[in-house]
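When the letters of the sequence shown are read in order and numbered with our numbering, they come out as residues 509 to 721.
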Amino acid sequence: MVAEEKPKTGWLNILVDYGPLLVFLGVYKFAAPDGGGTFGEITAVIQGTIAFMIAAVIALGFSKWKFGKISPMLMLSTALIVGFGALTIWLRDERFIQIKPTAIYLFFGVVLLIGYIRGKALLQTLLEAAFEGLDREGWLKLSRNWGVFFLALAGLNEVLRAQLSFESWLWAKLWVFMPLSFLFTFTQIPMLMRHGLALEEKEDVVKDEPPTA
């Protein structure tokens with residue numbers, strides 16, 4: 509029997525992950541008043557938040573249509589985007605948008621590390637065994653490493669949230685968190701290959717990384 513070939517997703521997974529954030533940035537930048545002002549700032553945040561929520565739901569539907577599935581991590585991330593977005597609109601407080609990444613990072617970090625301590629590679633379940641040939645020890649190490657990395661991202665997000673303006677924090681999401689995530693992902697490849705990851709699967713490590721937007 510010939511093994512079923514995995515569909516080539518290209519960089520569409522990354523677009524699904526970061527596309528809604530880019531939509532938020534674009535709408536916020538377009539709506540933000542030139543002269544500042546609290547009312548104008550809040551209006552821009554609310555408009556960007558509404559666009560963010562719509563784009564996240566569209567990305568979820570696109571994932572289902574294009575890949576035939578929705579990963580548990582993407583589903584939870586979208587639920588948090590909609591939930592914290594609704595709080596932002598209701599309370600007119602941009603901090604809920606900023607807290608959302610911290611909540612996601614903390615949740616996944618704690619869950620993955622608890623799973624590792626209990627000898628369960630939960631990342632394998634969340635990514636639906638995306639990497640062919642990777643043995644159990646490799647999945648355990650990957651779960652542990654991503655768990656620690658998620659906690660580090662949570663701490664970094666809180667530091668940047670406290671130190672930067674809202675707009676600067678938005679750009680940091682794109683120009684700090686995304687490069688860090690790619691860099692961390694690439695550092696995992698040698699370990700994964702020592703634990704059975706096939707050479708042709710190397711590119712998929714980046715395509716199937718957990719959502720960090």
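We put the beta carbon where it would ideally sit given N, CA and C, even for glycine.
Across the structure, Y613 and W679 are spaced so that their CA atoms are roughly 18 Å apart. Counting along the chain, A594 sits inside the alpha helix (DSSP H) bounded by residues 580-599.
When DSSP assignments are scanned along the segment 621-668, the uninterrupted stretches of alpha helix (DSSP H) that are 4 or more residues long and fall wholly within it turn out to be 630-634.
Check the Cα spacing between M701 and each of K681, M686, L672, L642: the tightest is with L642. In the three-state reduction of the DSSP assignment, A540 falls in the coil class, being assigned neither a helical nor a strand state. By the CB criterion at 8 Å, N665 and T596 fall outside the cutoff.
Per DSSP, F694 is one residue of the alpha helix (DSSP H) stretching across 686-702.
Taking the Cα positions, V618 is about 16 Å away from K608. With respect to the C-alpha of G527, the residue from I697, V565, R626 having the closest C-alpha is V565.
Shortest Cα-Cα distance from F560 to any of F694, L533, L672, S689 involves L533. Around the beta carbon of F604, 16 or more other beta carbons lie within 10 angstroms, which makes this residue buried. In the three-state DSSP reduction, L705 falls in the coil class, being neither helix nor strand.
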